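Residues in the sequence shown are numbered consecutively from 7, following our numbering.
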Amino acid sequence: MKKIKRSLKRRLGLPSGRPPFTGKHYRRGRTLLLDTVDIFNAAGIPYTLDAGTLLGIVRDGDLIPWDNDIDLMLPASAVPQLRRVYRQIFLRGWKVSRTYRMTFASDAWRVGDPRVVKLRSWNPWLFGPGSTLLDITIIHPHQGAYWWEMAKQVCRADAGYFEQESWLQWGGRRIRVPHDYEAYLGELYGDWRTPDAKFHHDQFGTIVR
Numbered sequence: 007m008k009k010i011k012r013s014l015k016r017r018l019g020l021p022s023g024r025p026p027f028t029g030k031h032y033r034r035g036r037t038l039l040l041d042t043v044d045i046f047n048a049a050g051i052p053y054t055l056d057a058g059t060l061l062g063i064v065r066d067g068d069l070i071p072w073d074n075d076i077d078l079m080l081p082a083s084a085v086p087q088l089r090r091v092y093r094q095i096f097l098r099g100w101k102v103s104r105t106y107r108m109t110f111a112s113d114a115w116r117v118g119d120p121r122v123v124k125l126r127s128w129n130p131w132l133f134g135p136g137s138t139l140l141d142i143t144i145i146h147p148h149q150g151a152y153w154w155e156m157a158k159q160v161c162r163a164d165a166g167y168f169e170q171e172s173w174l175q176w177g178g179r180r181i182r183v184p185h186d187y188e189a190y191l192g193e194l195y196g197d198w199r200t201p202d203a204k205f206h207h208d209q210f211g212t213i214v215r
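Below is the structure:
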């Protein structure tokens, strides 16, 4: 179905992917992140910023202009809390996609366990521009670490990054980030202080197999 939609978009001369965070797409991405932070902070949901969103806010003080989605992480134990705020997310003008589930097992999770939940903008046009997207990656505890799946790859980071609270100020909010977030960014990106628009998530240092 996705391939059919992309083909039809190309024939109609419409964008086939999500646009980067510039102009109105930046404003929408920023609003989606701040709305989510407001809801999660009020509900005590133990999210953390991740990947490009964390990198941009720590290094540049803003979303990365060539990025095109928002990245959060959430422990599997907090998924019931997340489900209880779906209505609040809807009332802010966003929609919650279905829960994407694990298709293979590991020592940290079973087939069918939650993998990612996506928050999106509403799009009235079937073949309109790519939606504003926020990915909530579900992380699973095992042997002093948290584990997650990304594009069929297994990733791992020490539990301390997620179990100890650290916060940054951004957009007039307190936003939760991994503890010792600079060390975490070093695990993800290596030299994270040098911008690299060609960096691909397949290069993350947290990938173990």
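Ideal Cβ placement from N, Cα and C applies to all residues, glycine included. This structure is a prediction, so every number in the text was calculated from the model and none was measured.
Find the nearest neighbour of S112 within the set V160, I144, G177, K204, judged by alpha-carbon distance.
-> Of V160, I144, G177, K204, the residue nearest in Cα terms is V160.
Residues that D221 bridges to, as DSSP identifies them = Shown here, the chain extends from 7 to 215; a query on residue 221 therefore has no answer.
Exposure of S137, with buried meaning 16 or more beta-carbon neighbours within 10 Å = Buried is the call here.
Considering H31, what are the terminal residues of the alpha helix (DSSP H) in which it resides?
-> Residues 29–49.
What does I144 pair with, by DSSP beta-bridge criteria?
-> Per DSSP, the beta-bridge partners of I144 are L80.
Any idea what DSSP makes of D164, helix, strand or coil?
-> Residue state, collapsed to three classes: strand.
Enumerate, from N- to C-terminal direction, the unbroken alpha helix (DSSP H) stretches of 4 or more residues contained entirely within the stretch 63–116.
-> Taken in chain order, the whole alpha helix (DSSP H) runs of length 4 or more contained in the stretch 63–116 are 85–90, 92–97.
Near F205, what residues of its chain come up, given a Cβ to Cβ distance below 8 Å and the 5 sequence neighbours on each side ignored?
-> Closer than 8 Å at Cβ, skipping near neighbours: Y195.
Using a Cβ-Cβ cut-off of 8 Å (strictly less than) and excluding sequence neighbours within five positions of S103, which residues of its own chain qualify?
-> Within the same chain, Cβ atoms closer than 8 Å to the Cβ of S103 are found at V123, K124, L125, R126, the five residues on either side in sequence being excluded.
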